[in-house]
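For reference, the structure is listed below as structure tokens.
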Amino acid sequence: MVPFQPDGRRTLSSHLDIGFGRIIFRKYPKSSKTGIKEVLMGQFRKWFGVIFPLLLILGAPFPAWSEGSPKAKPALYEFGAKTCLPCLQMQKVMAELKASHGDKVEFRMIYADEERDLFRQYRIMLIPTQVFLNAEGQEVDRHIGPLTKEEVLQKLKDLKLIN
């Protein structure tokens, strides 16, 4: 049954179900200049011009950060937040490690409010979390919770990421 406007004009409504949820097109009067074809084309442009490319980018495998450098290095990514006290402790540890071993290992702080896509990609559920990557960019180990400088160095040696 097609509903009617108060002035007697018919309206068209359409529902379109796409992956992540239901998009409901608002009712447009049949006699208006905006027809259902224009509405569908607008939604098509929205999905394939903006959303679909983002899904492709976010779903694509993530390249190693040091891939562009001539010689790839192992990496330690610290996932945290700027308001988390254990994360702030790890920030100091990471700064010390970067100063002493930055030529052998890439140390990087990744904050939840700035780089959510990396949190999703590495499936980080708790912070602080440290992800250890080999020179090829593959995850070899992870740890949840703060670590001391000595514990991080021992872990890097155990994983044979440094000598």
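If you read the sequence shown in UniProt numbering, its first letter stands for residue 1, the second for the next number, and so on.
We treat Cβ as the ideally placed atom computed from N, Cα and C, and that holds for glycine.
As the structure is a computational prediction, the values presented were derived from the model and not from experiment.
### Query
Nearest to D103 by alpha carbon, out of K92, A72, G137 and Y77?
A72
### Message
Suppose the cutoff is 8 Å on Cβ atoms and the five residues either side in sequence are ignored; what does the same chain contact list for A81 look like?
### Response
C87, Y111, A112, D113 and I127
### Query
What do you get for L85, buried or exposed, if any count of 16 or more other CB atoms within 10 angstroms of its CB means buried?
exposed
### Query
Got a sec? Which residues, its chain only, sit under 6 Å from V140 by beta carbon, not counting five neighbours each side?
F132, N134 and L159
#### Entry: For A112, the first and last residue of its enclosing beta strand (DSSP E)
Where A112 is concerned, there is no enclosing beta strand (DSSP E), given that its DSSP letter is neither H nor E.
### Message
On the criterion of 16 or more Cβ atoms from any shown chain inside 10 Å, does E106 qualify as buried, or is it exposed?
### Response
By the Cβ-count criterion, E106 is buried, with 16 or more other Cβ atoms from all chains shown falling within 10 Å of its own Cβ.
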